[in-house]
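Student: I'd like to ask some things about the structure below.
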Amino acid sequence: MIDAPVSSSAAPGIPHDIFDTHGLPRPDGFEIWRESLMPLFEPQLEASEGFFARVDGFHLRRLVVSLAEFSDQRYVRRTGYRADEGADHLLVQLYLTGGYAGHNGHRTVRVGPGDISLLDLSYPLETAAEGSSTISVVIPRDLMFSLVRPEQLSVGSVISAHSAVGRILGHHLTSVWRALHSASAEDDEQISRTLLGAIVGAFAGYRGGDNSASLSDDTMLDAICAYIEQNLCSRELTPEHLCLRFACSRARLYRLFHPLGGVAAYVRQLRLERCLRELSKQHPTTSTIHDVAQRWGFRSQSHFCRQFRKQFGIAPSEALERARTRNDTDTAPERCLSPWRPAFYDWLRQL
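Using the working numbering, read the sequence shown as starting at 11 and increasing by one per residue.
Quick look at the structure:
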């Protein structure tokens, strides 16, 4: 645990809040914690015994920086996640103690003490964390990608605690969190630029580990997946086109995508997810199901409906109807978590 310095600045400080479940009514602690983190992911407990969470955080207008301590729990963000209100941020975490194992998108992620991970919340995520303490930085994706091209960042990247880059960035993150306690609000923008510069400099093109062949495969897979996501509307996302575009043999392409169920399955899954997202909007467009299917590369509506039901367990028409029903019921007042709701509940929604 890092001790926080005492602020001596007379100028208005950066917005700061401490949230601790030990001070909450016992039955409500986890529910308040769960709802407060829903813009990022959904916490889940195997057992409620021994649960606790504490967050010491700062709101830098464009970033949220915090030190958190928590007991064992899982964090889940599945395909079609909509509790984020469309804000699929990036999350950088330095694990001071503890760690987790899981996946982010197609990448398996394992983190131990001192490691620093970069999670992209536009991809599905599921992790199982032991009791840990972390320094976290929540970064809006448009802010991050104004400084670096998306293909330069690998989903689920982990910078090892044993690397020089990991030690430097870890020290920087720790120093920033300590300095925020005595920083004035007018320092906000410069601190944000300095912090983002360090994160981008560390993660852009970072390649860790010893197995160069495996890393080369990871790099190639990341690049192809990014290209597929950016061109989902194109009808040219065939193995032939991808091999030509990335100077990759068909055998290697198939080997790279084998853990993901194959190239065609991966493209189909992403297209179905886009269709689900569009049909499930709070304010559905006037587009028909046929229009949505055509827009995302499905030529046959019957084939689209079969695949949609197989993937999500409901028909496209049901997804559309649920969105309309939700739109009618969402006019009800939001369930108020006050007076226990932490400030970062609102900070995450303001990014």
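No residue lacks a Cβ here, since even glycine has one placed at the ideal position from N, Cα and C.
#1: Is DSSP giving Phe-51 helix, strand or coil here?
#2: Determine the DSSP secondary structure at Asp-30, reduced to helix, strand or coil.
#3: Quick one: grab the DSSP three-state call for Ser-290.
#4: Can you list, in chain order, the residues of its chain with a C-beta nearer than 6 Å to that of Ile-321? Leave out the 5 residues immediately preceding and following it.
#5: Since Arg-71 contacts Asp-228 with CB under 8 Å, what's their CB separation in whole angstroms?
#6: Helix, strand or coil: which one does DSSP assign to Ile-42?
#7: Can you tell me whether Ala-174 is helix, strand or coil according to DSSP?
#8: Classify Val-273 as helix, strand or coil using the three-state DSSP reduction.
#9: For Thr-298, count neighbouring C-beta atoms within 10 Å of its own C-beta (all shown protein chains included) and say buried if the count is 16 or more, exposed if not.
#10: One question on the structure: do Leu-280 and Leu-242 come within less than 8 Å of each other, judged by their Cβ atoms?
#11: Taking DSSP as the reference, what is the three-state secondary structure of Asp-82?
#12: Could you tell me the distance, in whole angstroms, from the CA atom of His-80 to the CA atom of Pro-25?
#13: To which residues of the same chain is Asp-220 closer than 7 Å at the C-beta, ignoring the five residues directly before and after it?
#14: For Glu-288, count the other beta carbons within 10 Å of its own beta carbon; 16 or more makes it buried, fewer makes it exposed. Which is it?
#15: Mapping the DSSP letters down to three states, classify His-116 as helix, strand or coil.
#16: Starting from Val-168, follow its DSSP beta bridges and name the residues at the other end.
#17: Does DSSP put Gly-307 in a helix, a strand or coil?
#18: Is Ala-78 buried or exposed, if buried means 16 or more other CB atoms sit within 10 Å of its CB?
#19: If I measure Cβ to Cβ from Ser-132 and keep anything under 6 Å in the same chain, skipping five residues before and after, which residues do I get?
#20: Distance check for Ser-173 and Ser-222, CA to CA, integer angstroms please.
#21: Hey, is Leu-70's beta-carbon within less than 8 Å of any beta-carbon in chain C?
#22: Is it true that the CB of Leu-190 sits closer than 8 Å to the CB of Val-75?
#23: Is the beta carbon of Leu-163 sitting closer than 8 Å to the one on Leu-128?
#24: Taking 8 Å as the cut-off, decide whether the C-beta atoms of Phe-62 and His-32 are in contact.
#25: DSSP three-state label for Ser-194, please.
#26: DSSP beta-bridge partners for Gly-23?
#27: So, helix, strand or coil for Ile-324, using DSSP?
#28: Touch check for the stretch 105-119 and the stretch 257-264: three-plus C-beta pairs under 8 Å?
#29: Considering just the uninterrupted stretch of the beta strand (DSSP E) at Leu-101, what are its terminal residues?
#30: In whole angstroms, what is the alpha-carbon distance linking Leu-231 and Ser-185?
#31: What separation, rounded to the nearest whole angstrom, lies between the Cα atoms of Ala-193 and Asp-130?
#32: Just the Cα atoms here: how many angstroms apart are Pro-134 and Arg-188?
#33: Quick check: the Cα distance between Arg-316 and Trp-306, rounded to an integer number of angstroms?
#34: What separation, rounded to the nearest whole angstrom, lies between the Cα atoms of Ser-244 and Arg-351?
#35: Just to confirm my understanding: we take Arg-278, look at its own chain, exclude 5 residues before and 5 after, and list those with CB closer than 7 Å. What are they?
Tutor: Based on what the coordinates show:
#1: coil
#2: strand
#3: Of the three classes helix, strand and coil, the one that applies to Ser-290 here is coil, per DSSP.
#4: Contrary to the premise, residue 321 reads as Gln rather than Ile in this sequence. The answer, listed in chain order, is Leu-282.
#5: Actually they do not touch by this definition, with Cβ atoms about 34 Å apart.
#6: helix
#7: helix
#8: helix
#9: exposed
#10: yes
#11: coil
#12: Checking the displayed sequence, the identity of residue 80 turns out to be Phe instead of His. Using only the alpha carbons, I get a separation of about 22 Å.
#13: Its pLDDT being 37, under 50, Asp-220 is placed unreliably by the model, and nothing is read from it.
#14: buried
#15: coil
#16: Ser-127
#17: The answer is coil: DSSP assigns Gly-307 none of H, G, I, E or B.
#18: With 16 or more neighbouring CB atoms inside 10 Å of its own CB, Ala-78 falls in the buried class.
#19: Asp-98
#20: Because Ser-222 carries a pLDDT of 35, less than 50, the predicted location of this residue cannot be relied on, and the following value inherits that uncertainty. Between Ser-222 and Ser-173, the C-alpha separation is close to 16 Å.
#21: This model lacks chain C altogether, as it is built from one protein chain only.
#22: Yes, these two residues count as a Cβ contact at 8 Å.
#23: yes
#24: Contact flag set, yes.
#25: strand
#26: Gly-23 pairs with Ser-194.
#27: In the structure shown, Ile-324 sits in coil (DSSP, three-state: anything other than H, G, I, E or B).
#28: Too few Cβ pairs lie closer than 8 Å, so no.
#29: Residues 100-107.
#30: 35 Å
#31: In a straight line, the C-alpha of Ala-193 is about 29 Å away from that of Asp-130.
#32: 32 Å
#33: 15 Å
#34: 44 Å
#35: Cβ within range, chain order: Gln-317.
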